[in-house]
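Before any comments, here is the structure.
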Amino acid sequence: MGRKLDPFYTNNFTCIQDVENKSKRNFFKCNHCAAELEHRENRLAQHTSDATKCKEAPPAARIAAHTLMFKKSAGKQSAPGEGDS
Ligand SMILES: [Zn+2]
């Protein structure tokens, strides 16, 4: 299976490999404003889409962030009754 990282993340963030922490969480660094964020839920997309959080992101990146969050929420709702019995 393998969960592939959406291109949005690789285009707008750099994975910080050398962070040491107990929980082995993934930390990413914003390519636009250099903020460091934990990759969890929609935090990265929310960061990029919010002009108060990321002042440097170009409009295309904000649109991509919104699109990503929309796809995720739409995916949750449109499950066609699988495993519903
Ligand atoms: Zn940023």
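All letters in the sequence shown, in the order written, are residues 1 to 85 by the UniProt record's numbering.
Beta carbons: idealized from backbone N, C-alpha and C, even for Gly.
Minimum length 4: unbroken alpha helix (DSSP H) runs contained in the region 33-74
43-49
For asparagine 31 and cysteine 15, what's the separation of their Cα atoms in angstroms?
10 Å
Thinking alanine 65 and alanine 45 are a contact (beta carbons under 8 Å), I'd like their distance in whole angstroms, please.
4 Å
Got a sec: does ligand 1 put a non-hydrogen atom nearer than 7 Å to the Cβ of threonine 48?
yes
Can the beta-carbon of threonine 48 be found less than 8 Å from the beta-carbon of alanine 60?
no
Is histidine 39 near ligand 1, with its Cβ less than 7 Å from a heavy atom?
no
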